[in-house]
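Novice: Just so you know, the sequences run in chain order P and D.
Number 233 marks the last residue of the first sequence (this note's numbering); no jumps.
Number 1233 marks the last residue of the second sequence (this note's numbering); no jumps.
Glycine is no exception: its CB is placed at the ideal position from the N, C-alpha and C atoms.
All values derive from a computational prediction rather than experimental measurement.
Protein chains: 2
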Amino acid sequence: MTTTALKARKEFGKTLASDIAHRLRNEIVTCQLKPNESLKFDALRLSFGASFTTLREALTLLVAEGLVVAEEQRGYKVAPVTLEDLHDLTHARILIEVDLMRRSIEKGDDDWEIRVISSLHRLARIEERAPEDYASNTEWKATHRQFHEALVSASGSPTLLAVRNSLFDRAERYRNLSAMFRPHPRDKVGEHRALMQAAIGRKADQACDLIRSHIQTTSNNVAKYAAGVISAG
Amino acid sequence: MTTTALKARKEFGKTLASDIAHRLRNEIVTCQLKPNESLKFDALRLSFGASFTTLREALTLLVAEGLVVAEEQRGYKVAPVTLEDLHDLTHARILIEVDLMRRSIEKGDDDWEIRVISSLHRLARIEERAPEDYASNTEWKATHRQFHEALVSASGSPTLLAVRNSLFDRAERYRNLSAMFRPHPRDKVGEHRALMQAAIGRKADQACDLIRSHIQTTSNNVAKYAAGVISAG
DNA sequence: ATGGTAGATATTTTCGAAAATAGTTGAAAT
DNA sequence: ATTTCAACTATTTTCGAAAATATCTACCAT
């Protein structure tokens, strides 16, 4: 009853499988589990303390999100990273995020404005406290995610929002990868503030242009700094 | 050794779970399994002849595709159909399909043209043979799917194509639902032919307009004829 | 040496039982 | 009649063993 190290423990989701999916997702996005790394059941069982079938269910979830690939009868592995995939991903993100942004600006109410403003404020504070390496800060990453989520949260499109979330995770993995090699993070606080102002000011065209170039330049930076570790595709 | 009725049999995918997902998907899309119907494991085990965990994996897959919803600790059920969901779905489909169409027209090579032309030809032949009720014809449905898939198949975007496929399934369920109540299917052969001609003729703007209105009017028809069986949302 | 095959090993996939959780029924108390 | 709570039933969720499949190794034939 006292051994908790190997025993699976629920923290997040209600079921063990969704909880393990959550933890696995995190390890993949942060590249603790490296691209192409094969996910053997014995090893996973050891580190997550769950049984074959529970792990299998968690992996199935991540396959659907594009973070894991299944080679039938030959197991699972962490999805590879390639330049081609990065381009594909970036294109899809821009298409969807721009649409969500425009409709969020149309429909956003007072609560939406508050969510956007307060998450940006929190983000700025974190950057003030640790101006050097905020991009590798776990708290910054979570808040950064919340800010972008807040921007599109009034769009009223559950389907596209769900897709957007998967794509955001996949993109964050690439960002983390490039952060390992990039000397210093570029100053993003300005971009985020401009985004907030355009959104709250209901300047839809401007906000869409900003989000488009925000995603595009981030992707370009990843391609530049992570080129070494990304396979040719 | 001779009893095959209850024994699970692989037909499609390599693993039993993906095969069962395929069969379940089909039953949901064709509304043999009705919206909101609860998917109890005992019943599924009986009709699919697989064990709890295998079924669970298949269901997890379908949850990711939006055809099944999971209520944690309280089982699975067929995703509900609502007017709100139909609108959301239609919006997402137009956004994605238009983008894929434009890029397919840009990049499409000779093989692409052949795929588009031959699938349209097959579709027209089926409609000739059974002009009355082709829309409830299984072969027509499969060919119709292939035609639309062919149109966007040269886009070179695995991510958006995967999303498109899920959305197509979800939309087909609504189409099947409305077909139960619609007196006679409207004549679609003209629309499909125009779509083909615009695509092959590399008239991108025109093709995008056509696909947009094709999806939109289909959705409007569904809303009109299936309003009775679709919950208010 | 090379290519192929049989046996042995490693790994994934599937199963049905056991544990955990939700839902239901019915008796006792107010 | 209504509420409460406890025992019971129904159902989902998790487990580890067993079956199926792939991979590796050693040996033989060419």
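Tell me the start and end of each unbroken beta strand (DSSP E) in the region 7-95 of chain P that is at least 3 residues and wholly inside, in chain order.
Specialist: Runs found: 68-70 and 76-78.
Novice: Check the Cβ of alanine 1092 of chain D against every Cβ in chain P and list those closer than 7 Å, keeping chain order.
Specialist: Ser157, Thr159 and Leu160
Novice: State the Cα-Cα distance for the pair alanine 207 of chain P and arginine 193 of chain P, rounded to the nearest angstrom.
Specialist: Rounded to the nearest whole angstrom, the CA to CA distance from alanine 207 of chain P to arginine 193 of chain P is 11 Å.
Novice: For the region 1204-1228 of chain D, which residues have a CB atom closer than 8 Å to at least one CB atom of chain P, in sequence order?
Specialist: none
Novice: Using only alpha-carbon positions, find the residue among D:Leu1095, D:Ala1198 and D:Thr1143 that is nearest to leucine 1167 of chain D.
Specialist: Checked all of D:Leu1095, D:Ala1198 and D:Thr1143; the closest Cα to leucine 1167 of chain D is D:Leu1095.
Novice: Against aspartate 19 of chain P, what residues of chain D qualify as contacts under a CB-to-CB distance less than 8 Å, listed in chain order?
Specialist: Correct list: empty, because the minimum Cβ distance to chain D is about 11 Å.
Novice: Given 8 Å as the limit, is there contact between the region 1065-1082 of chain D and the region 1117-1135 of chain D, that is, 3 or more CB pairs closer than that?
Specialist: no
Novice: Let's test the definition: count the other Cβ atoms within 10 Å of the Cβ of isoleucine 215 of chain P and tell me whether it reaches 16, buried, or not, exposed.
Specialist: buried
Novice: Along chain P, which residues have their Cβ under 8 Å away from the Cβ of arginine 1056 of chain D?
Specialist: Thr53 and Glu57
Novice: So what does DSSP say about glutamate 132 of chain P, is it helix, strand or coil?
Specialist: In this structure, glutamate 132 of chain P counts as coil in the three-state DSSP scheme.
Novice: With methionine 196 of chain P as the anchor, note down where its alpha helix (DSSP H) starts and where it stops.
Specialist: 189-200
Novice: Quick one: list the residues of chain D neighbouring glutamate 72 of chain P, beta-carbon separation under 9 Å, in chain order.
Specialist: Gly1013, Lys1014, Thr1015 and Ser1018
Novice: In its own chain, which residues sit with a C-beta less than 8 Å from the C-beta of leucine 1210 of chain D, not counting the 5 before and 5 after it?
Specialist: The residues are Glu1191, Ala1194, Leu1195 and Ala1198.
Novice: Does chain P have any CB closer than 8 Å to the CB of threonine 1138 of chain D?
Specialist: no
Novice: Which class does phenylalanine 181 of chain P belong to by DSSP, given the choice of helix, strand or coil?
Specialist: coil
Novice: With 16 as the cutoff for other CB atoms within 10 Å, does threonine 217 of chain P come out buried or exposed?
Specialist: exposed
Novice: From P:Pro183, P:Leu24 and P:Cys31, pick the residue whose C-alpha is nearest to that of alanine 43 of chain P; which is it?
Specialist: P:Leu24
Novice: Using only the alpha-carbon positions, how far apart do serine 104 of chain P and aspartate 110 of chain P sit?
Specialist: 12 Å
Novice: Taking 8 Å as the CB-CB cut-off, is isoleucine 230 of chain P touching chain D?
Specialist: no
Novice: Taking 8 Å as the CB-CB cut-off, is valine 1078 of chain D touching chain P?
Specialist: no
Novice: Just the C-alpha distance for valine 1053 of chain D and glutamate 1065 of chain D, rounded to the nearest angstrom, thanks.
Specialist: The sequence shown places threonine at residue 1053 of chain D, rather than the valine named in the question. Cα to Cα, the separation comes out at about 19 Å.
Novice: For valine 1163 of chain D, does the three-state DSSP call read helix, strand or coil?
Specialist: In the three-state reduction of the DSSP assignment, valine 1163 of chain D falls in the helix class, which pools H, G and I.
Novice: Excluding five sequence neighbours on each side, which residues of the same chain lie with their C-beta closer than 7 Å to the C-beta of leucine 1055 of chain D?
Specialist: Ile1020, Phe1041, Leu1044, Arg1045 and Phe1048
Novice: Between the region 1086-1094 of chain D and the region 1217-1230 of chain D, do at least 3 Cβ pairs fall closer than 8 Å?
Specialist: yes
Novice: Note the first and the last residue of the continuous alpha helix (DSSP H) segment covering serine 1213 of chain D.
Specialist: 1204-1225
Novice: For valine 1152 of chain D, report the span of its alpha helix (DSSP H) as first-last.
Specialist: 1138-1152
Novice: Are there 16 or more other CB atoms within 10 angstroms of the CB of arginine 1164 of chain D, so buried, or fewer, so exposed?
Specialist: buried
Novice: Where does aspartate 1109 of chain D fall in DSSP's three states?
Specialist: Reduced to three states, the DSSP call for aspartate 1109 of chain D is coil.
Novice: DSSP three-state call for isoleucine 1230 of chain D: helix, strand or coil?
Specialist: coil
Novice: Measure the CB-CB distance between leucine 1100 of chain D and leucine 1161 of chain D and report whether it falls below 8 Å.
Specialist: yes
Novice: Are any of the Cβ atoms in chain P nearer than 8 Å to that of leucine 1061 of chain D?
Specialist: yes
Novice: Could you work out which residue in P:Ile28, P:Ala50 and P:Glu97 is closest to aspartate 204 of chain P when comparing CA atoms only?
Specialist: In the sequence under discussion, the amino acid at residue 204 of chain P is alanine, which differs from the aspartate named in the question. Nearest C-alpha to alanine 204 of chain P: P:Glu97.
Novice: Can you name the residues of chain D whose CB is closer than 7 Å to the CB of valine 163 of chain P?
Specialist: Val1163
Novice: For a quick check, are the C-beta atoms of glutamate 172 of chain P and valine 29 of chain P less than 8 Å apart?
Specialist: yes
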